[in-house]
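K.L.:
Supplied in C-alpha cells, the structure appears directly below.
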Amino acid sequence: SLVPMLRQRPTVAHTPTLPMAIPLGGVGSDAAASGKNEEHQPLVDDGFIDDDKTTTASSSTGHLEDTPLPPNGGKITSLQASASVAKAIMGAGSFSLPWAFAQTGYVAGPILMVALMVLSVSSLRTLVACRRLARRSGNAGGTSKRPSASYVDVARAAFGDAGARIVYCASVSASVGVCGSYLVFVAASLLSLLPPQYENVGQTQLVLMVVPIAVLLSSVRDPNKFAFTALLGDVSVLLGMGVVVVYGILYRDEDRSLGDGCVAFGTIDGCALAFGAVGFLFFIHFLVLPIEGSMARPGDFDQMVSLTFLGCAAVSAVFGVLGYLFFGGDTEQIVILNIRGSFFVSFVKLLLCIDLLFTYPVVMRPSIEIVEQSLVLQLNLSDKNNGGAKARLGVCSVLGVTAAGAGIFIPAFALLSGLVGGVCQTFLAFVMPPVMLRVLKQCTTNKGAKETSALDDAKVVGTVLFGVVMILWTVHSTWLETRRGE
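Oh and the sequence shown: position 103 is 87 in my numbering, straight run, nothing missing.
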C-alpha cells in the first residue's frame, strides 16, 4: 500500500532549500516506508495555525504543555489520521515478523513489540512537541498561516543547517536501505516461482535483473503516474497475510503439530535482530508530523496515535506468532516463501513484487531529488539538451546500484530491513527527538516556557543512550547473523 509522503515545506529564507527525504518506516508499509508521497494519500494536507487563535495542549506526557495548538487549522479527522498512520505501519515488513518472533520466541516477541510500541508512541509525542516548540521559537520554516511540519525543519530550528543535513543523511541512508530490501524481497519471491529447469539462477542474478527496471521507474519525474498502485499495495499485503494464515490453518504439514519446535523465549542476540524488524514497522517518525499538522483537532493526536499503534501491534503480534507456530524453525525471513505450489499463492507473490517495484521509485524519490539538485547546481546543468534528464538518470542509476549492492551484501530481507529499522529509523526515533526537545526548550525558556529539570535531563540522556546502544547492538547482531549465513 502506498502511504502518505511528507510534503515539502518551505524553509527559512537564509538557508538553502533542499528536497524532503523520508525513511520509512513502516516503511514496512510499502511505500514507503521510507518515502511517502502526498499525491498518493490526499488525506494529509497542509494545516495552518492562526497565531491569534492558539490554545494550550493538555497532554499526559507533559511534553506538549504550554505549546500552541490550532483549533481548526487542519482538515482531516482523527479517523482519517488513524488510517494514514496504520497504512504507514502495516506493509511488506510485516512478512518478516514470524521470522523475528522465531528469534525471540512466541512469548518474548509480542512483549518486545508492545514495549517498542510504547516507546515509539512516547518518542512520537516528543517529536510533535519539538515541532510546536520550534514554531514558538520562530526558527522553523513556514509562515504564520502555514507552519512547517517537516522533521528537517525542526532539526534546522534546533541545530541549524548541520542538524538538517544530519537528518537528510539519515533519511537518504534509510531510503536506499529500504529500496535494497525491496529488491531482495522481489528477487527472493521470483526465485521461489522459477521452475526446476532454472535452478542455476541465483538471487543475486535476479537482483541485478530487477534493478534496471527499478532505476527506469525511479527516473520518472511525475509521481502521479504511480498513483494507480495505491490500492494494489493494500490488496497485495492483505492477501499475502491472509494466504499465510489460511494455509497454516488448513494445509500445513499433517505430520507436524502446531508449535512443534517453537520456543517461548529465544536468544539475546535474537532480540536485537527482532528489534530492527519491529522498528522497521513502528518507528515512522518522519510520517507523523505532517499527519498531526493536518488534523482538524490536533489535541486528539495522543489518543489517536496510541489507539492506532495498539491496534496495529495487536494484528502484527497475532500474525507474527501464528506464522512462527505454523512453520517453527523453518520459518523463512519472508514468511510467504514457506508456501509453494498453489497458483493463487504464486499470483499473490507476483502481486507483492509488482507493488514493491512501483513502491521503489516513491521511496527513492526524495533521495534522488536531494542528490540531483546538488549535482545540477554544482555542474550547472539544465533540461536544455537533456542535461537535467541525463543527470537524473545518472543519479537514479548510482542510487539503484547502491541499493542493489546493499541487497547483494545482505541478501536477506529481514536482516537488511531490520538493519534499516535498527539503525537509521532508531536514530531518528530515539537519538534526535530528545536532544532537539532539550535544545528547543532552552530556546523558548525566555518566552515563557518552563525550565527543564534534572529529571528531564536524565530522560534525555537515558533515551539517547538507549538509541545508541540499540543501534550498535543491531549492527553487531546483523553482522554475526550475516557471517553465520555464509
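Just so you know, even glycine gets a beta-carbon here, dropped at the ideal spot from N, CA and C.
Quick one: give me the first and last residue of the alpha helix (DSSP H) that Val162 is part of.
P.N.:
Segment 145 to 177, the alpha helix (DSSP H) holding Val162.
K.L.:
In its own chain, which residues sit with a C-beta less than 6 Å from the C-beta of Gln189, not counting the 5 before and 5 after it?
P.N.:
Counting only Cβ-Cβ distances below 6 Å, and skipping sequence neighbours, we find nothing.
K.L.:
Could you compute how far the alpha carbon of Leu383 sits from the alpha carbon of Leu439?
P.N.:
Approximately 43 Å, taken between the alpha carbons.
K.L.:
Nearest CA to the CA of Gly147: which residue from Asp441, Val415, Ser437, Gly325?
P.N.:
Among Asp441, Val415, Ser437, Gly325, the Cα nearest to that of Gly147 is on Val415.
K.L.:
Starting from the C-beta of Met454, find all residues in its chain whose C-beta is less than 7 Å away, skip the five residues before and the five after it, and write them out in chain order.
P.N.:
Hits under 7 Å: Phe259, Gly406, Thr410.
K.L.:
Ile455 by DSSP, collapsed to three states: which one?
P.N.:
Helix.
K.L.:
In the DSSP assignment, find the alpha helix (DSSP H) that holds Leu271 and state where it starts and stops.
P.N.:
Note, Leu271: alpha helix (DSSP H), 269 to 277.
K.L.:
Under 8 Å by Cβ, that's how I've got Ser107 and Pro417 pegged, so tell me the actual separation to the nearest angstrom.
P.N.:
Rounded, the Cβ-Cβ distance is 5 Å, consistent with contact.
K.L.:
Using 8 Å as the cut-off, can you tell me whether the region 134 to 146 makes contact with the region 271 to 285, which would need three or more C-beta pairs spanning the two stretches below that distance?
P.N.:
These segments touch.
K.L.:
Could you name the residues of the same chain whose beta carbon sits closer than 7 Å to that of Glu465, not counting the 5 residues immediately before and after it, in chain order?
P.N.:
Cβ neighbours of Glu465 beyond the five flanking positions: Leu257, Leu399.
K.L.:
Just checking, does the region 308 to 317 make contact with the region 220 to 239 on the three C-beta pairs under 8 Å criterion?
P.N.:
Contact between the region 308 to 317 and the region 220 to 239 is present, because at least three Cβ pairs lie under 8 Å.
K.L.:
Any contact between the region 331 to 340 and the region 97 to 114? By contact I mean 3 or more CB pairs, one from each, below 8 Å.
P.N.:
Cβ pair count under 8 Å is below three, so no.
K.L.:
So, helix, strand or coil for Ile394, using DSSP?
P.N.:
Ile394: coil per DSSP, three-state reduction.
K.L.:
Pull up the distance between the alpha-carbon of Leu508 and that of Arg422, whole angstroms please.
P.N.:
The displayed coordinates of the chain run from -15 to 470. Any statement about residue 508 would go beyond what the structure contains.
K.L.:
Are Val221 and Gly402 close, meaning C-beta to C-beta below 7 Å?
P.N.:
Taking 7 Å as the Cβ cut-off, Val221 and Gly402 do not qualify as a contacting pair.
K.L.:
Among residues of its own chain, excluding the 5 on either side of Ala413, which ones have a beta-carbon nearer than 6 Å to its beta-carbon?
P.N.:
Result list for Ala413: Ser107, Phe267, His269, in chain order.
K.L.:
Report the rounded CA-to-CA distance for Val305 versus Pro82, giving the unit in angstroms.
P.N.:
The alpha-carbon atoms of Val305 and Pro82 are separated by roughly 6 Å.
K.L.:
Tell me the rounded alpha-carbon separation between Pro207 and Pro345.
P.N.:
Taking the straight line from one Cα to the other gives about 8 Å.
K.L.:
Count the other CB atoms within 10 Å of the CB of Leu216; is the residue buried (16 or more) or exposed (fewer)?
P.N.:
Buried.
K.L.:
Going by beta carbon distance, what residues of the same chain come within less than 8 Å of Leu223, once the five residues before and after it are set aside?
P.N.:
Counting only Cβ-Cβ distances below 8 Å, and skipping sequence neighbours, we find Val332, Leu335.
K.L.:
Is Gly260 close to chain B, meaning its C-beta is less than 7 Å from at least one C-beta of that chain?
P.N.:
Any reference to chain B falls outside this structure, which holds one protein chain only.
K.L.:
If you reduce the DSSP assignment to three classes, tell me which class Ile233 lands in.
P.N.:
Helix.
K.L.:
Could you tell me how far apart the beta carbons of Thr88 and Gly250 are, in whole angstroms, since I believe they sit closer than 8 Å?
P.N.:
Their Cβ separation, rounded to whole angstroms, is 4 Å, which keeps Thr88 and Gly250 in contact under 8 Å.
K.L.:
What is the DSSP secondary structure of Ile60, reduced to helix, strand or coil?
P.N.:
The answer is strand: DSSP assigns Ile60 an E or B state.
K.L.:
Any heavy atom of the ligand COA closer than 6 Å to the beta-carbon of Leu400?
P.N.:
As for the ligand COA, it is missing from this structure, which has no ligand bound.
K.L.:
Whole angstroms is fine: what's the gap from Gly283's alpha carbon to Val102's?
P.N.:
Their backbone Cα atoms lie some 19 Å apart in a straight line.
K.L.:
In whole angstroms, what separates the C-alpha of Cys195 from that of Pro180?
P.N.:
The question names Cys, but residue 195 in the sequence shown is Val. Answer to the nearest angstrom: the Cα atoms are 24 Å apart.
K.L.:
Please return the same chain residues whose Cβ sits closer than 7 Å to the Cβ of Val329, not counting the five positions on each side in sequence.
P.N.:
Excluding positions up to five away in sequence, the list reads Val227, Ile323.
K.L.:
What distance in whole Å lies between the Cβ atoms of Cys163 and Val347, which are believed to be in contact at a cut-off of 8 Å?
P.N.:
So it is a contact: roughly 5 Å between Cβ atoms.
K.L.:
Per DSSP, what kind of secondary structure is Cys246 in: helix, strand or coil?
P.N.:
Here Cys246 sits in coil by DSSP.
K.L.:
So Ser165 and Val404 are supposed to be a Cβ contact under 8 Å. How far apart are they, rounded?
P.N.:
The Cβ separation is near 7 Å, so the contact holds.
K.L.:
Could you check what DSSP says for Thr251 in three-state terms: helix, strand or coil?
P.N.:
Coil.
K.L.:
Give the secondary structure of Asn184 by DSSP, where H, G and I count as helix, E and B as strand, and everything else as coil.
P.N.:
Coil.
K.L.:
Once the 5 residues before and after Phe303 are set aside, which same chain residues still bring their CB inside 8 Å of it?
P.N.:
Here the set comprises Ser78, Leu81, Pro82, Met225, Val228, Val229.
K.L.:
Taking the continuous alpha helix (DSSP H) assigned at Met74, which residues delimit it?
P.N.:
Here Met74 belongs to no alpha helix (DSSP H), and DSSP marks it neither H nor E.
K.L.:
Return the CA-CA distance between Val452 and Cys246, expressed in angstroms with no decimal places.
P.N.:
Going by the C-alpha atoms only, they are around 31 Å apart.
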